[in-house]
Amino acid sequence: MNSPIPGVIAAPLIGFVVLVAIGRWALLHRTTTDRLLNRALAWSAVGMVLLERGIAPRFGSLMHQLSMGCMLFAIMSAYGAAMLWAGADPSGARRRQRRYHLIAAACAVVILVVGTPARHEGTLLGQTPGMWSAISALAFCLPAIGCGRVMASALWHELARQDATRRERLVYGSLLAALAAGACSLPFSALLFGGILGDAVRIEDPDLIRWAWPNFTVIVVSAAVLAVPLLGVLVTRAGWDRSGRYCRRLRPLWTDVTRAVPEIVLDLPATGRDEPEVRLIRMTVEIRDALLHLNRYAPHDLPMPAAVSPTERYARRIAHGIRAKAEGRGPANAAARAVTPASRDLDSELRQLLELARVWPRARVAAETSRPTPEEASAGLFRRLAMRA
1 MNSPIPGVIA APLIGFVVLV AIGRWALLHR TTTDRLLNRA LAWSAVGMVL
51 LERGIAPRFG SLMHQLSMGC MLFAIMSAYG AAMLWAGADP SGARRRQRRY
101 HLIAAACAVV ILVVGTPARH EGTLLGQTPG MWSAISALAF CLPAIGCGRV
151 MASALWHELA RQDATRRERL VYGSLLAALA AGACSLPFSA LLFGGILGDA
201 VRIEDPDLIR WAWPNFTVIV VSAAVLAVPL LGVLVTRAGW DRSGRYCRRL
251 RPLWTDVTRA VPEIVLDLPA TGRDEPEVRL IRMTVEIRDA LLHLNRYAPH
301 DLPMPAAVSP TERYARRIAH GIRAKAEGRG PANAAARAVT PASRDLDSEL
351 RQLLELARVW PRARVAAETS RPTPEEASAG LFRRLAMRA
């Protein structure tokens with residue numbers, strides 16, 4: 001196989017790019033920027049496949065020229081995304097992208113037209129191949145340079161932001177490094193694919209392999225960076241993110257208190273589902289409101305072991321309050337009173353509720369197996385007498 005990268009290495013790399021492209025197309029295809037990046041990744045994957053399967057006797061073959069055409073469409077799709085990052089009007093993105101695709105198509109036609117005589121005459125060094133190859137190289141390099149300039153400017157602007165997180169700086173720095181590698185390999189690659197070297201360079205030439213690596217590196221690094229938000233979506237869908245884990249820990253407590261006070265449950269959106277962060281806030285607010293309501297039914301003189309923590313004491317009182325409300329007894333207290341310390345912010349309240357959820361199973365079991373208090377016993381007697389009457 002005539003290929004700049006050995007198949008045993010190229011196949012996993014191409015498979016990775018294709019997998020990321022398919023995953024993003026399925027899960028991250030909502031915004032205009034995501035759609036443009038997905039198209040760029042898909043075109044790059046097709047270009048890698050065409051380049052890897054080029055079995056012509058020399059570089060600059062038809063397969064390689066078609067690969068360059070795919071790369072041009074990828075470059076112009078990335079250029080459209082870079083323009084949006086640079087502050088272009090999103091409402092005109094589709095109209096601008098049509099122009100960019102026309103430019104890519106025109107350059108691809110130029111490469112196909114002038115690449116054929118350049119390939120056929122490439123063995124006659126010193127004659128016309130220089131002119132043909134120069135035209136072919138310019139048709140490929142000019143769009144790439146324009147895209148790289150805009151994208152590098154946008155990435156540098158994001159990298160220089162003082163409020164950028166370490167993760168964001170790592171992502172932007174990786175993309176800038178990939179762009180720098182592509183800029184270093186672009187002139188040689190364009191001349192090579194254009195046919196200026198012809199039969200003078202064979203696949204066995206180590207310089208050829210050394211110059212081909214940056215081309216694959218740019219695409220693979222870009223795919224790896226674009227896989228980061230895809231991985232975040234998969235983690236969120238699986239419930240492994242921070243908000244999802246907290247929701248699972250709160251769910252037993254939330255289920256019991258909202259079943260006792262169903263009127264405090266907020267209405268779901270029209271879609272019938274929340275994002276994990278929104279769901280966590282909703283559960284926190286609903287648990288807090290339910291606890292304020294159930295605290296009116298909770299006995300304050302409930303006997304408990306001395307070793308029980310204050311949080312578990314409060315949890316047992318709430319569990320008894322749930323049982324009292326379920327049995328039809330009226331509030332034991334005139335007004336709701338919070339026993340747990342007041343929270344100054346949502347994070348502090350969330351930490352308190354997570355601690356309450358941790359001890360809740362024990363408190364619920366203790367409330368279910370405990371003997372009724374005198375108030376509960378008398379209330380039960382009155383209820384039985386009323387039923388007989």
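Each residue of the sequence shown is one higher than the one before, counting from 1 in full-length UniProt numbering.
Cβ coordinates follow ideal geometry from the N, Cα and C atoms, glycine included.
Remember, it's a predicted structure, so these values are computed and weren't measured experimentally.
With respect to the C-alpha of A105, the residue from C70, R39, G92 and R358 having the closest C-alpha is C70. Per DSSP, the continuous alpha helix (DSSP H) segment holding I287 begins and ends at P276 to L294.
Around the Cβ of H64, a 10 Å sphere holds 16 or more other Cβ atoms; the residue is buried. Counting the other CB atoms within 10 Å of its CB gives D301 a total below 16, which places it among the exposed residues. Inclusion of A137 and V110 in the CB contact set at 7 angstroms is not warranted, their separation being larger than that value.
The residue from A363, V228 and R30 with its alpha-carbon nearest to that of D256 is A363. The Cβ atoms of S67 and I219 lie no closer than 7 angstroms to each other. When only Cα atoms are considered, M151 and L112 end up about 27 angstroms apart. Annotated three-state conformation of D34 is helix, per DSSP.
Cα atoms of A177 and A223: separation of roughly 14 angstroms, rounded to the nearest angstrom. Residue nearest to R237 within the set P12, A11, A26 and I9 is A26 (criterion: CA-CA distance).
The beta-carbon separation of W360 and A315, rounded to 5 angstroms, stays under the 8 angstroms limit for a contact. Nearest neighbour of L72 by Cα position, chosen from G148, E312 and R351, turns out to be G148.
Inter-residue distance for R259 and T31 is about 39 angstroms (C-alpha atoms, whole angstroms). Counting along the chain, D256 sits inside the alpha helix (DSSP H) bounded by residues R242 to A260.
Per DSSP, L302 lies in no alpha helix (DSSP H) and is assigned neither H nor E.
The alpha carbon of T311 has as its nearest neighbour, out of V265, V114, T217 and L354, the alpha carbon of L354. If you draw a straight line from the Cα of L175 to the Cα of D34, it is about 16 angstroms long. Separation of V261 and H293 (C-alpha to C-alpha, rounded to the nearest whole angstrom) is 8 angstroms. For V308, the closest of E349, L356 and A298 by C-alpha to C-alpha distance is L356. Taking a 10 Å sphere around the C-beta of Q162, we find fewer than 16 other C-beta atoms and assign the residue as exposed.
Contact between I318 and L291 holds, with the beta-carbon distance rounding to 6 angstroms and staying under 8 angstroms.
Judged by DSSP secondary structure, I264 falls outside any alpha helix (DSSP H); it is assigned neither H nor E. The criterion of a C-beta distance shorter than 7 angstroms is satisfied by D289 and I264.
Per the C-alpha coordinates, the member of H29, L36 and V49 positioned closest to F16 is V49. G328 carries a coil assignment under DSSP once its states are collapsed to helix, strand and coil. DSSP places Q65 inside the alpha helix (DSSP H), whose first and last residues are L62 to W85. Annotated three-state conformation of P6 is coil, per DSSP.
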